[in-house]
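In full-length UniProt numbering, the protein residues as written are 1 to 154.
Since the structure comes first, as structure tokens, the remarks are kept for the end.
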Amino acid sequence: MPSQASLRNNKLLGLFGERLLEPDYWHHNRHSSAIAMAAGLFAVWLPLPLHSFIAIGLALALRGYLPLAIAVVWLSNPLTIAPMMYGAYQLGVRMLGLPVRDFTNLLEHDFWGIAPPLLTGAFTLAVISALAGWLLTRLYWRCKIIRAWQARRR
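Here it is in structure tokens:
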């Protein structure tokens with residue numbers, strides 16, 4: 001984990017101020033882990049740069065566990081981002097009832113022509129992923145606690 005001094009001296013993270021250094025954001029529990037998972041999964045699908053900063057902002061706003069929110073963001077990486085965005089585009093095309101464009105020469109296509117279906121699909125997947133991540137994290141935590149209680153009884 002980074003030290004508080006390194007976080008304080010990082011100019012990019014200065015955007016979040018001293019709130020980033022509050023201990024509540026660096027200790028995990030059922031609530032903060034579920035929020036962090038949702039924040040990270042939401043940010044993963046946004047076709048914007050700087051996913052980590054979006055996840056940090058959401059985690060700070062919703063009181064989530066920062067290390068988990070940042071780690072989840074790395075699901076989208078240079079190997080996975082293209083298939084993810086293509087899937088989001090395909091979903092958006094189907095949701096909006098638009099014709100699918102041929103991407104044989106991507107540089108010739110107008111960004112504004114693909115933006116509506118891409119953003120629609122990406123936002124839909126972001127919301128669904130965030131809700132599923134929040135719910136599955138809460139369920140996992142609950143099962144973990146039940147197993148601990150059962151082990152204690154034995």
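Here a beta-carbon is modelled for each residue, glycine too, at the ideal position from N, C-alpha and C.
Predicted model, so just to flag it, every value in this text is computed and none were measured.
| Asked | Found |
| --- | --- |
| With a Cβ-Cβ cutoff of 7 Å, do Phe42 and Ala130 count as a contact? | yes |
| Tell me the DSSP secondary structure of Gly129 in three-state form. | For clarity, residue 129 is Ser in the given sequence; the question names Gly instead. Ser129: helix per DSSP, three-state reduction. |
| Going by the CB atoms, is the gap between Ala55 and Gly40 shorter than 7 Å? | yes |
| If you count every other CB in all the chains shown that lies within 10 Å of the CB of Ala34, and 16 or more means buried, which is it? | buried |
| For the segment 15 to 29 against the segment 62 to 72, are there 3 or more C-beta pairs whose distance is under 8 Å? | yes |
| Between which two residues does the alpha helix (DSSP H) containing His31 stretch? | 30 to 45 |
| Based on Cα-Cα distance, which residue from Trp141, Pro47, Trp149 lies nearest to Ile81? | Pro47 |
| Just checking: is the beta-carbon of His51 within a distance shorter than 7 Å of some beta-carbon in chain C? | Among the chains in the structure shown there is no chain C, since it carries only a single protein chain. |
| Under a three-way DSSP split, which group does Val93 fall into? | helix |
| Check whether the Cβ atoms of Trp134 and Ala38 sit closer than 7 Å, and answer yes or no. | yes |
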